[in-house]
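Chemist:
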Amino acid sequence: GTIWALTTLSLLFLPARLYARWASFHRFYWDDFLVLFAWILSLSITASCTAYNNVTYEAMYLGSNQALGGFPSDVEIIAMQFSRMFAIVPMIFYTGLWAVKLAFLLFFRRLGTQAVSSLRWLWWVVTGVTGVCYFANFASLPYKCSLVSYEVLISPECLTEQGLAVTSMKVNCVLDIFTDCLIMSIPFSILWRVRLSLCQRIAFSGIFSLVVITIVFAIVRAAITTIGATNQMDPIWMYLWTNVELNVAIIIACVAPYRSLFQHSQTQY
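Per the working numbering, residue 589 is the first one in the sequence shown, and the count goes up by one each step.
1) Can you list, in chain order, the residues of its chain whose CB lies under 8 Å from that of residue 776, leaving out five sequence neighbours each side?
2) Assign residue 687 to one of three DSSP states: helix, strand, or coil.
3) Which of the three DSSP states, helix, strand or coil, is assigned to residue 732?
4) Check this for me: beta carbons of residue 802 and residue 836, under 8 Å apart or not?
5) Given a threshold of 16 other Cβ atoms within 10 Å of its Cβ, counted over all protein chains shown, does residue 674 qualify as buried or as exposed?
6) State yes or no: is the C-beta of residue 830 within less than 8 Å of the C-beta of residue 726?
7) Please work out which residues of its chain come closer than 7 Å, Cβ to Cβ, to residue 634, disregarding the five sequence neighbours upstream and downstream, and give them in chain order.
8) Smallest Cα separation from residue 640: which of 629, 761, 824?
9) Compare the Cα-Cα distances from residue 709 to each of 719, 720, 697 and report the closest residue.
10) Nearest to residue 758 by CA position, among 693, 728, 799, is which residue?
11) Sort 760, 714, 622 by Cα distance to residue 842 and report the nearest one.
12) First and last residue of the alpha helix (DSSP H) that includes residue 640?
13) Confirm, please, whether the CB-CB distance from residue 822 to residue 799 is below 8 Å.
14) In its own chain, which residues sit with a C-beta less than 6 Å from the C-beta of residue 827, not counting the 5 before and 5 after it?
15) Can you tell me which of the three DSSP states residue 807 falls into?
16) Can you look up residue 706 in the DSSP assignment and give me helix, strand or coil?
17) With C-beta atoms as the reference, is residue 617 less than 8 Å away from residue 605?
18) Assuming residue 582 is part of the alpha helix (DSSP H), what are its boundary residues?
19) Residue 770 and residue 714 - do their beta-carbons sit closer together than 8 Å?
20) Apply the 10 Å Cβ neighbour rule to residue 755 and answer buried if 16 or more other Cβ atoms are within range, or exposed otherwise.
21) Whole angstroms are fine: how far does the CA of residue 598 sit from the CA of residue 774?
22) Once the 5 residues before and after residue 683 are set aside, which same chain residues still bring their CB inside 7 Å of it?
23) Between residue 765 and residue 707, how many whole angstroms is the CB-CB distance? I'm expecting something under 8 Å.
24) Can you give the Cα-Cα distance for residue 740 and residue 724, rounded to whole angstroms?
25) Would you tell me roughly how many angstroms separate the C-alpha atoms of residue 692 and residue 839, rounded to the nearest one?
26) For the alpha helix (DSSP H) containing residue 825, name the first residue and the last one.
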């Protein structure tokens, strides 16, 4: 129920963003399509979590040593469905989250980075680092054991690597926060190079600082999901907070680029 409510809430913000863009420019940009793409990925996560909800609880039950009467005959199917779901959801999540980051980067590029040489270089550096971090997320995911077969999943090698999921979550959280901070350095650099009144600077800074909210949710997601964890994470909490962070990022991406943010285009550098 919660994840569907969040997915629906973020959907309500999309028409507002698209209307504001169309009212200002009578066209859409690539960042609009990226945010829409991120929402579609969010919907796919929500639908998958709902479809495999029973499998998740069955796997947790089997893994809690409560199945004293032995394993069911379809234990292999349950284990593989759960492990694949547990591996694929983060892949979809990071793709959606980085789509939002790229949407912000494209938005900031039009906002003024092309007018100043130093800002242009800053944009390319930040974009390059953000792209590298996206692929680093996938490199740290323990998907090699989860997506092959049941025999591989229960092999001694894979059983000893179960703790990598917790490490991967923490590493990816750091990459998420790091790239958010890098991306936010661009608009604040723009603010220092344009002629704006104090009130305008404060207003713009407040809007840009909304990204801090996504940073907070990234920390909360990693903390709650891995707290007290040694060799495994709580999949229910992981799915919930993955959905929360992605939908919050989509909402913030819909709030930021309104018409007033483009009035600076007439501002002298």
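C-beta atoms are modelled at their ideal positions from N, C-alpha and C, and glycine is treated no differently.
Modeler: Taking the coordinates as given:
1) Excluding sequence positions up to five before and after residue 776, its CB lies within less than 8 Å of the CB of 793, 796, all in the same chain and listed in chain order.
2) helix
3) Residue state, collapsed to three classes: coil.
4) yes
5) buried
6) no
7) Cβ neighbours of residue 634 beyond the five flanking positions: 591, 592, 595, 831.
8) 824
9) 697
10) For residue 758, the nearest C-alpha among the options comes from 728.
11) Out of 760, 714, 622, 622 has the C-alpha closest to the C-alpha of residue 842.
12) Counting along the chain, residue 640 falls outside any alpha helix (DSSP H), and DSSP gives it neither H nor E.
13) no
14) 637
15) helix
16) helix
17) no
18) Since the first and last residues shown for the chain are 589 and 857, residue 582 lies out of range.
19) yes
20) exposed
21) 25 Å
22) 629
23) That pair is no contact at about 23 Å.
24) 24 Å
25) 12 Å
26) 823 to 843
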